[in-house]
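Protein sequences, first through last, are from chains A and B.
Going by the working numbering, 80 is the number at position 58 of the first sequence; the sequence numbering is gapless.
Going by the working numbering, 26 is the number at position 4 of the second sequence; the sequence numbering is gapless.
There are 2 protein chains.
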Amino acid sequence: MARLPYACGLDAAVDLMGGKWKARILWQLHDGPHRFGELRRSLTGISEKMLIQQLRELEADELVHREVYREVPPKVEYSLTGFGATLNEALVPLGDWGHEHMARIEARRAAG
Amino acid sequence: MARLPYACGLDAAVDLMGGKWKARILWQLHDGPHRFGELRRSLTGISEKMLIQQLRELEADELVHREVYREVPPKVEYSLTGFGATLNEALVPLGDWGHEHMARIEARRAAG
DNA sequence: CGGTATCCGTTAAGATACTG
DNA sequence: CAGTATCTTAACGGATACCG
């Protein structure tokens, strides 16, 4: 079925940052560029495959910039674009909300 | 594999409102209770199955309240709980961001 | 009106091994 | 170090038909 146009801003935003990892990846980049390996260690539980896949999508959506340094050993740094930084700011209240209610949310999840 | 604890607030929040529909459903309820059929018509493109499934999950997470009126024909109203209202507020900046950048996001999506 | 039940294809996600 | 490749499972999303 043909994709419908976005119904609202939230629809568009969720399309870009939705899923299990993207918001957390953007979050990790808020304080400057990070290398692939740093991100992998920070994002506990992510597989290399998912990390690179999500980074590629974020790059295609112009939220993240990928800079390759031609060195040995190889070095690649990921950073927020200006566009990505604005999205990150819009995610702050959501992150705060989650932080504030984390105990409740964990408890509900544990309850099944 | 056993689920890890939430890594940050954003992780917990996305777990509750992530997916294609939940943010939009919460959004629709911001101005008061709505009936099942109203929501179905508002959320263009959603199937009845997805709508009821997402509503049940939102109810289980105490974000949405379900009120059944024993009438003929049947009437059920969904509304935000206090908890759901606070999440909705945290989503406002994200919705604004999406609205502001909608044209750009649509264009990227069209480009494939 | 407000759902259920069933079936089905697609996408997300994860484990593991391997490469330039 | 920063990825690729392959395979498998789980979750998401949708179509259709039916029910109280």
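Beta carbons: idealized from backbone N, C-alpha and C, even for Gly.
Proximity test, Cβ basis, 8 Å: residue i and chain A
{"i": "residue 53 of chain B", "result": "no"}
{"i": "residue 47 of chain B", "result": "no"}
{"i": "residue 74 of chain B", "result": "no"}
{"i": "residue 91 of chain B", "result": "no"}
{"i": "residue 100 of chain B", "result": "no"}
{"i": "residue 31 of chain B", "result": "yes"}
For residue j and residue i, the rounded distance between their alpha carbons
{"i": "residue 11 of chain B", "j": "residue 80 of chain B", "result": "With chain B running from 23 to 134 in the structure shown, residue 11 of chain B is simply not present."}
{"i": "residue 57 of chain A", "j": "residue 99 of chain A", "result": "4 Å"}
{"i": "residue 113 of chain A", "j": "residue 91 of chain B", "result": "37 Å"}
{"i": "residue 78 of chain B", "j": "residue 93 of chain A", "result": "53 Å"}
{"i": "residue 32 of chain A", "j": "residue 82 of chain B", "result": "22 Å"}
{"i": "residue 95 of chain A", "j": "residue 118 of chain A", "result": "38 Å"}
{"i": "residue 49 of chain A", "j": "residue 42 of chain A", "result": "13 Å"}
{"i": "residue 89 of chain B", "j": "residue 103 of chain B", "result": "12 Å"}
{"i": "residue 51 of chain B", "j": "residue 110 of chain A", "result": "25 Å"}
{"i": "residue 85 of chain A", "j": "residue 71 of chain B", "result": "33 Å"}
{"i": "residue 74 of chain B", "j": "residue 128 of chain B", "result": "28 Å"}
{"i": "residue 116 of chain A", "j": "residue 59 of chain A", "result": "27 Å"}
{"i": "residue 126 of chain B", "j": "residue 36 of chain A", "result": "14 Å"}
{"i": "residue 53 of chain A", "j": "residue 63 of chain B", "result": "42 Å"}
{"i": "residue 55 of chain A", "j": "residue 47 of chain A", "result": "11 Å"}
{"i": "residue 130 of chain B", "j": "residue 26 of chain A", "result": "15 Å"}
{"i": "residue 105 of chain B", "j": "residue 34 of chain B", "result": "14 Å"}
Boundaries (first-last residue) of the alpha helix (DSSP H) holding residue i
{"i": "residue 84 of chain B", "result": "Residue 84 of chain B -> no alpha helix (DSSP H), and no H or E assigned at all."}
{"i": "residue 44 of chain B", "result": "44-50"}
{"i": "residue 36 of chain A", "result": "31-39"}
{"i": "residue 64 of chain A", "result": "58-64"}
Option nearest residue i by Cα separation, candidates the options
{"i": "residue 29 of chain B", "options": "A/131, A/33, A/66, A/30", "result": "A/66"}
{"i": "residue 97 of chain B", "options": "B/34, B/39, B/46, B/61", "result": "B/61"}
Host beta strand (DSSP E) of residue i (start-end)
{"i": "residue 97 of chain A", "result": "97-102"}
beta-carbon residue i near the ligand SAM non-hydrogen atom, thresh 7 Å
{"i": "residue 104 of chain B", "result": "The ligand SAM is not part of this structure, which contains no ligands at all."}
Chain B within 8 Å of residue i, Cβ atoms only
{"i": "residue 79 of chain A", "result": "no"}
{"i": "residue 86 of chain A", "result": "no"}
message: Residues of the segment 106-132 of chain B in Cβ contact with chain A at a cutoff of 9 Å, in chain order, please.
response: Residues 108, 109, 111, 112, 113, 114, 115, 116, 117, 118, 119, 120, 121, 122, 123, 124, 126, 127, 128, 130, 131.
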